[in-house]
Each structure stands twice: as structure tokens, then as C-alpha cells.
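Report on one structure; see the data block that follows.
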Amino acid sequence: MTMARRMAIIASKGTLDMAYPPFILGSTAAALGYEVGIFFTFYGLTLLRKDLSDVKISPLANPAMPMPVPMPVLVSALPGMETMATAMMKRKIASKGVASIETLRTACLEADVRMIGCEMTVDLFDFDRRDFIDGIEYGGAATFLEFAGDADVSLFI
Amino acid sequence: MTMARRMAIIASKGTLDMAYPPFILGSTAAALGYEVGIFFTFYGLTLLRKDLSDVKISPLANPAMPMPVPMPVLVSALPGMETMATAMMKRKIASKGVASIETLRTACLEADVRMIGCEMTVDLFDFDRRDFIDGIEYGGAATFLEFAGDADVSLFI
Amino acid sequence: MTMARRMAIIASKGTLDMAYPPFILGSTAAALGYEVGIFFTFYGLTLLRKDLSDVKISPLANPAMPMPVPMPVLVSALPGMETMATAMMKRKIASKGVASIETLRTACLEADVRMIGCEMTVDLFDFDRRDFIDGIEYGGAATFLEFAGDADVSLFI
Numbered sequence: 001m002t003m004a005r006r007m008a009i010i011a012s013k014g015t016l017d018m019a020y021p022p023f024i025l026g027s028t029a030a031a032l033g034y035e036v037g038i039f040f041t042f043y044g045l046t047l048l049r050k051d052l053s054d055v056k057i058s059p060l061a062n063p064a065m066p067m068p069v070p071m072p073v074l075v076s077a078l079p080g081m082e083t084m085a086t087a088m089m090k091r092k093i094a095s096k097g098v099a100s101i102e103t104l105r106t107a108c109l110e111a112d113v114r115m116i117g118c119e120m121t122v123d124l125f126d127f128d129r130r131d132f133i134d135g136i137e138y139g140g141a142a143t144f145l146e147f148a149g150d151a152d153v154s155l156f157i
Numbered sequence: 001m002t003m004a005r006r007m008a009i010i011a012s013k014g015t016l017d018m019a020y021p022p023f024i025l026g027s028t029a030a031a032l033g034y035e036v037g038i039f040f041t042f043y044g045l046t047l048l049r050k051d052l053s054d055v056k057i058s059p060l061a062n063p064a065m066p067m068p069v070p071m072p073v074l075v076s077a078l079p080g081m082e083t084m085a086t087a088m089m090k091r092k093i094a095s096k097g098v099a100s101i102e103t104l105r106t107a108c109l110e111a112d113v114r115m116i117g118c119e120m121t122v123d124l125f126d127f128d129r130r131d132f133i134d135g136i137e138y139g140g141a142a143t144f145l146e147f148a149g150d151a152d153v154s155l156f157i
Numbered sequence: 001m002t003m004a005r006r007m008a009i010i011a012s013k014g015t016l017d018m019a020y021p022p023f024i025l026g027s028t029a030a031a032l033g034y035e036v037g038i039f040f041t042f043y044g045l046t047l048l049r050k051d052l053s054d055v056k057i058s059p060l061a062n063p064a065m066p067m068p069v070p071m072p073v074l075v076s077a078l079p080g081m082e083t084m085a086t087a088m089m090k091r092k093i094a095s096k097g098v099a100s101i102e103t104l105r106t107a108c109l110e111a112d113v114r115m116i117g118c119e120m121t122v123d124l125f126d127f128d129r130r131d132f133i134d135g136i137e138y139g140g141a142a143t144f145l146e147f148a149g150d151a152d153v154s155l156f157i
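Which chain is which? The protein sequence lines are F, H and P, in order. Residue numbers for the first sequence follow my numbering, beginning at 1 and rising by one. Residue numbers for the second sequence follow my numbering, beginning at 1 and rising by one. Residue numbers for the third sequence follow my numbering, beginning at 1 and rising by one.
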């Protein structure tokens, strides 16, 4: 009997763009028969919130972001631009038939991807556990390492 | 007969600084006899463009970037500062005898590093495949995981 | 005889938030009996400086950063805001009983975590080796790959 492959991910970013890789890789790997564990820490912990409407993208400090209209950096810093860039990105994602973060997260949960919220981060940022979705566990770096020690693929996102 | 070591990289950033790690690690690993595969996704896909002149660095939101002259954040946001910071960084790189991204990318191709462009990203950002270099393949998260499942080193950049 | 597990980390970021993951994961893994090596490159190299007082956090381009008071992006770009955000974050960290970077770095050194400074980065940014702490070594991508080739967990931070 061969053991299933295993993938261990640390999700440390909380922006809309970097919210995709953990959930896309997690759900795809699970579909391929991988055992998957994702440790949500620092800003990444916000991806476990019930309400994901605060997950935004910033056009700042990312000259590689394809924008429909070239925009001077200073304009990108104006009030409302994060909200506008986020709305534009979400429209683009939907129009291309790419699933939303919510959908991909649900797919991960349904495929038994283990989701671990970082306890230290909950405490550090005064988060309320009631704001997070059900079906997750809480732990620390040791919890991650216990799982990751036998992983075939490990990624820090 | 022992199998060659294998390294699987996801290149997700498109800035000048983060363009270096995948190509430096890829070409070095290949020289050491590793089998290397790099999956270019999100902003990282722009690193497969024929024309790399748009690859820039941003001095914003990175207080750790060593700048020749300390610069207030607001000045960093002025029009032209990304271009200036990029030019300064490129001069520094050249003056130190460090290879350009183009050179390192060619070294990777010549060493048979497998380069995979993310299909979903091509579609999402309306990229044109004719803008990308030859000698690459296209695929998705499953393509990456198929290769990464047997990797000795896996990195998300 | 079984070999100890091994974790290989590349630390490429120099901000206060991203300074934590390498040292927390490094010291925790070492406590669990892992052999740990961290390769400090690009902005990450600044984390090996004797004086860590320059390690700052930027509230810019990170809409996921929990701030005590919501702040328009343009205000975040005002002079002094990096310093203010850094001071606030440090107070928060201390008030929550989380160790400082200095303490975690010392814990890593005492647990024989191998710390490798990137030679190319030293040269590129004209760093002075006398500014770095004792007990570290210097090397390149090949040094990292030699160690990482036998790692159970590999992470690019």
C-alpha cells in the first residue's frame, strides 16, 4: 500500500491575488488524491473569515499588475483606488469563469483539506474566533511542522 | 541508478527583484544536475514575455530596500520613481557583474529547465501567447503538481 | 538509524512582518529535532545585521494588514507612517508576549540553525560583513541547494 502524496502550504498573505494560490493548489491537489494541509498565518488568517468581502487587492508596489489603463503610482494611492482595483479584478475573474475565493475555499473544505488557523496570529491581531468559518482547527508552527515533515510538496505563499 | 534530484518552483511575482530567484535557482540547480520545472503564474507569467523591458521594481512598501539616498515614502510614489528605481537597480546589477534576467532565462532554457506558463493566467489577463518566448509549455495547477509530487525541493516565489 | 528531518528556508524579505516566519519556523523546527538551514538573500540579508532597528513594516500595498484605525492609502504614504506603523506593531507584539526578532534569532543560533548569508547580495548592495552577526556563513544558490536537496520541508519566504 502506498501512502497518498501530501502537500503542506503556509498561507501568509491576505490580498485577493495571493488568496487564490492556496485554494487553487489545495483543491486541485485534493482532487488528484493528495492529502493537503494549509496553515493560515499573519494576513493569511483573514482568508478563513466567514466574511471575505474585505479581501482586497492593491495596485501599489506591484508594477507587474496588468491594469486596463496605465496609472501613475500616485493615482494608485488615491482614496478608493484599492476598492476600484478590487472591483475590477473581481469582475475580470467572474467574466473569465474563474471561481471566487469562497467557492474554492468551500471546495477545499469538501475535499477534506485540513485548514489550520495560526493561534499566535489570532491573539496578536485580537481576532475573534467566531468570525472564522467552521470546520477548521487552530495550532502553531509545531502543528504545521508535524504535518509538513512528511509532505512531498511544501510551499510558503 | 539513482534518479536526478528535482526542484519545482512556482514563480508568481513579476517585479525585477523577484524575477531573479526563479532564474538563479533554476540555472544553478540545472548546473548541479537537478531536473528543474518552473510554473509561471499570476504576475510571474510576465517573466516569460519576449520583451522584458517592462519588468520593474517598486521602492514602495519595501522599507528594506537599500536605496542610495533615503527617500520619504511619498516621494517614492511620485511619477517616474518606479522607472528611476528600476534604472538604478539595473545599473547596480550590471556594475556588479550580475547577469541580466534575459541571460539567466536563456541559461535556464539551454539547461532544459522546463518552463510552464499558467493557462488560467493567460486567459485572465488577456495575454497573447505570441508575446511569450518559444520553448515553453502551457498548463495548470495539475501540471505543476504532477511534476512537483516527485520534487526534492519545492518553492513558491 | 534514522536521519533527523531537515528544513531548508530561503528568507528573501526584510520587513518586520516577514522577518518572523523564518525565525519562528527555524527555532520551532530545531526544538522538534529538525536540522535547519536558512539562506538569507536579497532584502532578507538585512535580518542578519547586528542592528535590527531598521527592520520596519509598511502599511502600504497591504490592504490585509489589521490597523487599529482604518487609514486611507494616501495617509499611509505620508512621511513617518512607516515608523509609526512599525512602532505600533512592535508594541502589539510585545504586549502579546511574542518574542522579538532578536530573541528568536538568538534562539535559532543557540539551536545550531545554520544561517547562510548570500554572497551575491552582500556584493550587490555593498553591505559590509562587519555589520552582520557572528556565527553565520556565506554562500550562494549552490550552497543552499546542497543543503536543500535532502530537506523534508523547503520554503521560500
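Each residue gets a CB set at the ideal place from its N, CA and C atoms; glycine is no exception.
Can you tell which of the options has its C-alpha closest to the C-alpha of residue i?
| i | options | result |
| --- | --- | --- |
| H:A107 | H:T46, H:M89, H:G135 and H:M18 | H:G135 |
| F:E96 | H:A94, H:E146, H:A64 and H:F125 | Sequence check: residue 96 of chain F is Lys here, not Glu. Ranking the options by Cα distance to F:K96, first place goes to H:F125. |
| F:L45 | F:D123, F:F147 and F:G149 | F:D123 |
| P:I93 | F:M115, F:L52, F:I93 and F:F42 | F:F42 |
| H:P22 | H:R114, H:K50 and H:G140 | H:R114 |
| H:R5 | H:L32, H:I24 and H:N62 | H:L32 |
| P:I38 | P:L16, P:A11 and P:E110 | P:A11 |
| H:A87 | H:N62, H:A64, H:D54 and H:E110 | H:D54 |
| P:F40 | P:L145, P:R129 and P:T121 | P:T121 |
Given residue i, which residues of its chain have a CB within under 6 angstroms of its CB, disregarding the five upstream and five downstream residues?
| i | result |
| --- | --- |
| F:Y138 | G117 and E119 |
| H:F147 | A8 and G37 |
| H:F144 | F39 |
| P:L109 | G135 |
Is residue i near the ligand ADP, in the sense that its beta carbon is under 7 angstroms from a heavy atom of that ligand?
| i | result |
| --- | --- |
| P:F127 | Here there are no bound small molecules, and the ligand ADP is not part of this structure. |
Tell me residue i's beta-bridge partners as DSSP assigns them.
| i | result |
| --- | --- |
| P:C118 | P:G139 |
| H:S53 | DSSP lists no partner for H:S53. |
| F:E35 | F:R6 |
| P:F156 | P:I10 |
| F:F40 | F:A11 and F:G117 |
| H:F132 | H:R49 |
Would you kindly work out how many angstroms separate the C-alpha atoms of residue i and residue j, rounded to a whole number?
| i | j | result |
| --- | --- | --- |
| F:D131 | P:F132 | 42 angstroms |
| F:A142 | H:K50 | 44 angstroms |
| P:D152 | F:E82 | 39 angstroms |
| P:T15 | P:I101 | 11 angstroms |
| P:A30 | H:F127 | 45 angstroms |
| F:L155 | F:Y20 | 14 angstroms |
| F:D112 | F:R105 | 11 angstroms |
| P:M35 | P:I24 | Looking at the sequence shown, residue 35 of chain P is not Met but Glu. About 14 angstroms. |
| H:M89 | H:L48 | 20 angstroms |
| F:T103 | F:S27 | 10 angstroms |
| F:P63 | F:M3 | 43 angstroms |
| P:K13 | P:A99 | 19 angstroms |
| F:G140 | H:R91 | 43 angstroms |
Given residue i, which residues of its chain have a CB within under 7 angstroms of its CB, disregarding the five upstream and five downstream residues?
| i | result |
| --- | --- |
| H:M18 | I157 |
| F:D150 | R6 |
| F:L52 | I101 and E102 |
| F:R129 | V122 |
Given a limit of 7 angstroms on CB to CB distance, which residues of the stretch 107-126 of chain F reach chain P? From the stretch 107-126 of chain F, only M120, D123, L124 and F125 have a Cβ closer than 7 angstroms to chain P.
Give the residues from the stretch 27-45 of chain F that approach chain P closer than 7 angstroms (Cβ to any Cβ), ordered along the chain.
-> Sequence-ordered contacts of the stretch 27-45 of chain F with chain P read F42 and Y43 [C-beta pairs closer than 7 angstroms].
Exercise for review: Using a Cβ-Cβ cut-off of less than 9 angstroms, list which residues of the stretch 122-156 of chain H approach chain F; keep chain order.
Suggested key: Listed by position along the chain: D123, L124, F125, D126, F127, G140, A141, A142, F144, L145, E146, A148, G149, D150, A151, S154, L155 and F156.
Short of 8 angstroms Cβ to Cβ, which residues in the stretch 11-25 of chain H face chain F? Residues S12, K13, G14 and T15.
- Item | Residues in the stretch 91-104 of chain F having any Cβ partner in chain H nearer than 9 angstroms | Going along the stretch 91-104 of chain F in chain order, one finds K92, I93, K96, G97 and V98 with a Cβ nearer than 9 angstroms to chain H.
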